[in-house]
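Take a look at the structure below.
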Amino acid sequence: NLLKLLENMREFQMDKVMMNPDAPIPDAMRLIKDEDIERLKNVQTPEELRDVHTHFLLYYSHDLPEMQKVQRGKERKSEIEEKKKYAREEAEKNGEDPDEAAAAIEAALPDDEETTEVKYAVRSGPYELCRKAGLEPLVRKFGLSAEQFAENVRDNYQRHEVEQPSVPPLEAAQDYTPTGGSSGEVLRRAVYMCGVQLAREPLLRSTLRDTLRERATITVKPTTKGLKMIDESHSSFFNYSLKYLNKKPVRDLTGDQFLKLTMAAEDKLLDLNISENLEGNTGPSYLEELKQLYQKDEFAATVQAWNDIRIEAVTLALTKIVMPELRRELQALLLQESKEYVLKCCRRRLYDWLKVAPYESRVSDDDDEEWDASNGVRIVSIAYVPDRAHCAFACSLVGGGEVADHLRLPHLLYRRNAWDPLERQNKEADLTALRRYNDLTYMYKLNFHLIYNCSLNFQNDFREYPDVLRQAICQARLLQDPLMEISQLCGPDEEILCLRYHPLQDQITKEDLLEGIELEFVNRVNEVGVDVNEAVLTGRGTELLQFVCGLGPRKAQALIKLFKQTNQKLENRTQLVTVCHMGPKVFINCSGFIKIDTSSLGDSTEAYIEVLDGSRVHPETYEWARKMAVDALEYEDEDANPAGALEEILEAPERLKDLDLDAFAEELERQGFGNKSITLYDIRAELNSRYKDLRVSYRSTTPEEMFDILTKESPETFFVGKMVLASVVGITHRKPQREMLDQANPVRNDETGLWECPFCHKNDFPELSEVWNHFDAGACPGQATGVRIRLDNGLSGYIHIKNLSDRHVTDPTERVRIGQTIHCRVLKIDVERFSVDCSSKSSDLLDKNNEWRPTKDPYYDQETEEKDLRKDKEAKQTKERMQYVKRVIVHPSFRNISFAEAEKLMEKMAQGEVIVRPSSKGSDHLTVTWKVAEGICQHIDVREEGKENAFSLGRSLWIQGSEFEDLDEIIARYVTPMAGHARDLIAYKYYKPLGGMRDKAEELLKEEKSKNANKIHYVVSAAKNHPGRFLLSYLPRNKCTHEYVSVTPDGYKFRQRMFDSLGSLLKWFKEHFRDPPPSGTPAQRTPALRTPHGGMTSTMYHTPAAHTPAFHTPAHTPGPAYINTPYTPSAQTPYMTPFATTPRQPDFLTPVIPRHKQLPVFTEPSDWQKAAEDWVRHRTVRDTPATPRSSEGMSTPRQSRTPRMDSRSTPRHDMRSTPRHDARSTPHGHSGRSSRAHSVRSTPHTNTSPRSMSLGDATPLYDEN
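The numbering of the sequence shown is the UniProt record's numbering, which starts it at 1 and goes up by one.
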């Protein structure tokens, strides 16, 4: 139709041009050339045909209505002329005037001819608007036509030079610009029009299509869902090796890979992308190379301007129109090829089933006189269900698939060595019943019997039989003739589609799959032939007849019905025409595949019996077969009897091998029959053995096939290296021999005093004699050797003890228990014993070296996979941190809320309020959240010890090294003091809510400096990034300095010094602000990181009070921490003073310091070793029982304290905190536990003053032991 349309359009154009031959051809008209017609005739694919059609519509769709109208007028005139011509001929025959007859025809025509108006599609797109605007001449000024550019791309060089206009593009567009219009807009429309013309050029599209197929690459990446779901267990459905692909060429895709990728993409498991940028011939980009083919190689401004316009047109055509369409075409083509591969696999699987010939017994009549196979081989088939509640059945079938006998075997599944004698007796009875059959043939094939069990035809044939017996009959019939038995499913119900040919057969349309199956049946049936008489007699070949060439379901049913109604036999192939009334074409197609058993007809018919009717020789070539028989017997032509010669040659076919069939074929070709060489060779082969069965002889199943059949597995679903789930069913032992028992050496455990068996490692024998009794009684199972397992598919497995774990295991019960489900990897498959060897070692399960996993694709993107795994792991860790365990804690401040909920709740609470909530670290942690300032909350980690269960509160609570009894104590001793200190800073006159932002503080200080340059301005703000710390910013001169002040329960910490009040802090700051900060005081990090307690965790950043070690604030840190963790001097802490050189009381009691006495100042000693020895000497000489550093105090510090109300002794925290209780302490006078005098308020708490010397600090900071 398209070819006719092109020819009509060319004729229409010629007529239009010939109306005024002298006038020039219009600019908007594109004449159809012979190349266009030839290109259409050479179309090979649907895509190319579509390209030609769209190209035709682009240029000629606006002329279609007028062309069709003119064409109908021509057809009308031609019809009238034909009528006139016929009228003249009739008039001349009748002796009438021809002109009058023609005039009568013309007069009979209606005056007003009714014309049928054809409604065409209204084309009002952008291209049509540009065409109506007359921009075609401007597009031609671009220098190359679409055909010329396509030839340049095809040849990959500039075959056609670009014609360069002399004027710039905007000036050229000025001639086509309407009044009030813009030349730039006109030029933009011309670029679009040129781009569409380039995109619709068939040659360009064909070239780009081939290039895309050759150079396109595919990139695959799993989605979030696919990252979790696609693993090794999906290997049978989805190829695990294609999970990540990086620029794999589409030409390297094989088999059903793209179909699997597409299915995974539809299930939102993968992101599938076909590359947009193609690699060029000489450069990295193919698109840039194509742009060069549409440019003029000059440097003039006008040329460059036109080159820019041309580049825009090419870019529009390729990136916006052509390449997206071609990528969709390529994707559809790859998908279609994958489906065709699956269909081919389905046909191959069906071919493997149908190619097997009927079973033939290897026992001949000469070997066994009682053996009779004249009516076919007797088959005995057994079917059972793996459940003792259902009976097994056996049946015996004779030739023709008739059931001769059947047995009910209810005890066949019982064990021969069962403990119940009745079971053994019943088992033997069933076996005895089976032995009365002389020959047993067991068949293990595919599960067709399950399909036949649901087949309506099969149920109607054996309605009274149970399902298991019908399965046994089906198995036997499959052994007798697979082709005939499987064809029973090819009925109108299409039960043949219920068989499983391929795992992906559901992705093929039902029509395509059924067509492929029928085509395979046609090939196999015509290869074997169909005996119509046998089909009518037994009724089991009617389904085969429909697959004979030329017939079908309807003709086959009519043929069978005809012979059944007339009670006749098909005696020769001629009767197909004379009796069955077949047409010549049907007869020619089917006659060669309908065989007639001429030997069985005998004398039962008076009709002529043609011996060739029982062969594959076609009736058209009977004469050639007879000629070959006569020539082989060397008869003379006058004495030859072709029929007799044919019968004689069938008895001695070896004489045919001397014939020169090539010469015979040349003679036939000379006579005009064509090349019949292959046909002659087929005739000779058929005369050697008429209708020889060309199918493969039946063979017994191999162990591998038996394994796949019984386990329902395949090499694709069960293989070495596969990771499977298994259940532990037992532990295997190696029983010791007598010699080993005599040489046994039992071992006695010195701690328990019990003896242990050296073989089974049983260790509860109180006496050595009981170990020997254990040997003599045979109760020792021996040394454990491995674990017995059972897989999900029913297979038995074994894990050797060396493959149980990466670590050495002597007792498997330490790793597994009976009934436990474990992951393991298959190491070996024993198909004969139906067992597997497995490994459960972590190294084998992880398989980091890819020794067991399926081989990955050569283009597998390992780098991206590792990156996604790291990202997923971090996301899981973040999610775990966000999760918490709900706790059962009764306290006013406790809430079962998360971090985000606590932050939101704190927005409405006052400064200093506290919330205790579960921690994401686990059930043995809590988090204390308190509000530092507006929008700033600090989260303090609390560790619990002595928990009764996961939901209760621990008996002791720890914040770093400090111990607390309950939540009230944490709030009172820890949070409330810090909140008070923070409140004092917030209430200070120079506090600004800047959130700890340095730039804002600096901007504010510079503004104040500009107002008063003689004053050193400073400002304090709460640090949002470091909750619990305040940013102290000051501007001494021109450069702003920022330092952090940490809020602790004992006061303020600044430059590694402790201050118990805000006034003392600010006083010291104003006196020492010019001093350089200590080297151990970081400007941006938590000060605790520079303390001797290195190795702080990340959670300590948010607990600055807990970061203060005992030697900085000795009154706060428990003493046992010093005992267990001796301090080694470090260069990072230059302000540390060794405790051994500090003056102390001779009896290690708490020194009493008068308040009016000035505290001495000590310098740092240089000999740390001497200090440690001095402390050891003091401890050796004086062993004071009142010292809390006794052994009991070291083990249980909470029990070593004296009563709380004793004014002479240490409080419950062993003098390790120094609350301020006097009138000169902090205004928050809520802590009054200290029994010693307090230092002068203006003196800061530093480790260089005797203020830090207390009984709790009696442990030396350096211990050489």
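Quick reminder that beta carbons are idealized off the backbone N, C-alpha and C, glycines included.
Evaluate residue i with the Cβ neighbour count: other Cβ atoms within 10 Å of its Cβ, from every protein chain shown; 16 or more gives buried, anything less gives exposed.
| i | result |
| --- | --- |
| LYS1157 | The predicted position of LYS1157 is uncertain, since its pLDDT is 35 and thus under 50; a value taken from the coordinates is nonetheless stated next. With fewer than 16 Cβ atoms within 10 Å of its Cβ, LYS1157 is classed as exposed. |
| MET18 | exposed |
| ALA777 | exposed |
| TRP930 | buried |
| VAL890 | exposed |
| ILE309 | buried |
| VAL593 | It should be pointed out that residue 593 corresponds to Phe in this sequence rather than to Val. Classification of PHE593: buried, given that the 10 Å Cβ count is 16 or more. |
| SER700 | exposed |
Take residue i as the anchor and find which of the options has the nearest alpha-carbon.
| i | options | result |
| --- | --- | --- |
| ALA933 | GLU312, LYS908, SER599 | LYS908 |
| GLN737 | ARG378, GLU161, THR319, GLN783 | GLN783 |
| LEU290 | PHE299, TYR86, ASN277, ALA300 | ASN277 |
| LYS85 | ASN94, LYS69, GLU66, ILE105 | ILE105 |
| ARG205 | ILE218, MET263, MET323 | MET323 |
| PHE142 | LEU170, ASN803, LEU129 | LEU170 |
| LEU545 | GLN575, ARG500, GLY491 | GLY491 |
| TRP772 | GLN743, VAL52, ASP750 | GLN743 |
| ASN572 | CYS549, THR598, PHE563 | THR598 |
| GLN911 | CYS937, ARG524, ILE379, VAL403 | CYS937 |
| LYS339 | MET263, PRO202, ARG435, GLU634 | MET263 |
| ASP984 | SER1061, LEU1031, LYS247, PRO1049 | SER1061 |
| VAL885 | ASN949, ARG825, GLY134 | ASN949 |
| LYS555 | GLN575, ALA726, HIS581 | HIS581 |
| ASP837 | CYS824, LEU845, LYS848, ASN849 | CYS824 |
| THR217 | LEU768, TYR860, ASP660, PRO126 | TYR860 |
| ARG188 | THR179, LEU198, ALA173 | ALA173 |
Leaving aside the five residues before and after residue i along the sequence, list all residues of the same chain whose C-beta is less than 6 Å from its C-beta, in chain order.
| i | result |
| --- | --- |
| LEU3 | LEU40 |
| GLY195 | ALA313, LEU316, ALA317 |
| ALA404 | SER396, VAL398 |
| GLU610 | ASN572 |
| GLY550 | VAL586, ASN589, CYS590 |
| HIS55 | ARG200, PRO202 |
| ARG684 | LEU656 |
Could you give the first and the last residue of the continuous beta strand (DSSP E) run that contains residue i?
| i | result |
| --- | --- |
| LEU245 | 245-249 |
| PHE1030 | 1029-1035 |
| LYS931 | 925-933 |
| PHE1059 | 1057-1059 |
Excluding the 5 residues preceding and the 5 following residue i in the sequence, name in chain order all residues of the same chain whose CB lies nearer than 8 Å to its CB.
| i | result |
| --- | --- |
| GLU527 | LEU694, ARG695 |
| residue 1274 | This structure cannot settle anything about residue 1274, because the visible part of the chain is limited to 1 through 1265. |
| GLY552 | GLN546 |
Can you name, in chain order, every residue of its own chain whose Cβ lies under 7 Å from the Cβ of residue i, other than the five neighbours on each side?
| i | result |
| --- | --- |
| ASP806 | LYS841, SER842, SER843 |
| PRO137 | ASP27 |
| SER835 | LEU795, SER796, GLY797, TYR798 |
| LEU504 | ASP256, LEU259, VAL342 |
| PHE521 | SER487, CYS490, PHE547 |
State the start and end residues of the unbroken alpha helix (DSSP H) segment that holds residue i.
| i | result |
| --- | --- |
| HIS406 | Element bounds for HIS406: not the alpha helix (DSSP H) but the beta strand (DSSP E), 403-409. |
| THR315 | 301-315 |
| LYS1053 | Element bounds for LYS1053: not the alpha helix (DSSP H) but the beta strand (DSSP E), 1051-1054. |
| residue 1277 | No answer is possible for residue 1277: the residues shown for the chain start at 1 and end at 1265. |
| HIS981 | 976-987 |
| PHE56 | 46-60 |
Quick check on residue i - is its C-beta less than 8 Å from some C-beta in chain B?
| i | result |
| --- | --- |
| TRP419 | Among the chains in the structure shown there is no chain B, since it carries only a single protein chain. |
Inset, instruction - Tell me, please, whether the stretch 155-172 touches the stretch 88-101 by the rule of three or more beta-carbon pairs shorter than 8 Å. - result: The stretch 155-172 vs the stretch 88-101: no contact.
Legend entry - Inter-stretch contact at 8 Å, needing at least 3 Cβ pairs: the stretch 415-429 / the stretch 479-497: Result no; under three Cβ-Cβ pairs closer than 8 Å.
Legend entry - Segment contact, 8 Å Cβ cut-off, at least three pairs: the stretch 628-635 with the stretch 561-571: Flag = no, the stretch 628-635 and the stretch 561-571 do not touch.
Legend entry - contact_flag[the stretch 813-829, the stretch 722-739] where n(CB pairs < 8 Å) is 3 or more: Contact between the stretch 813-829 and the stretch 722-739 is present, because at least three Cβ pairs lie under 8 Å.
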